[in-house]
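Numbering (full-length UniProt numbering), first residue to last: 1 to 110.
Each residue gets a CB set at the ideal place from its N, CA and C atoms; glycine is no exception.
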């Protein structure tokens, strides 16, 4: 499903964002949506990132832990060129949504 997020983000990036004030536009998401929201917030080329994600598929297909080196390479390729201020650029424009999960059956043990 993650690649579908990128399809929507590509449409937003090409068709909607050019007409909006970047300083007044914020993005929200959870899980894969949060990663895509971060890309939109930082102005990362969504199409290039989508190609990169698809290229990592075979590496991660049978070993999900291989995603960690793929993510590190993506950070180097897409975020590092922005310098050390990427987190500051996203600070007031990005919201990552969290879900609180409670394990009620653990309460008697705590």
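query = Would you say residue 60 and residue 51 are within 8 Å of each other, going by their C-beta atoms?
reply = no
ask   = Going by beta carbon distance, what residues of the same chain come within less than 7 Å of residue 86, once the five residues before and after it are set aside?
value = 42, 79
ask   = Grouping DSSP H, G and I as helix and E and B as strand, with all else coil, what is residue 103?
value = coil
Residues bridged to residue 95 [DSSP beta-bridge criterion] = 28
task = Please classify residue 56: does DSSP put it in a helix, a strand, or coil?
result = coil
ask   = Taking DSSP as the reference, what is the three-state secondary structure of residue 61?
value = coil
ask   = In three-state terms, what does DSSP make of residue 80?
value = helix
query = Where does residue 121 fall in DSSP's three states?
reply = Residue 121 cannot be examined here, being either before or after the span of the chain that is shown, 1 to 110.
ask   = How should residue 19 be labelled, buried or exposed, when 16 other C-beta atoms within 10 angstroms of its C-beta is the threshold for buried?
value = exposed
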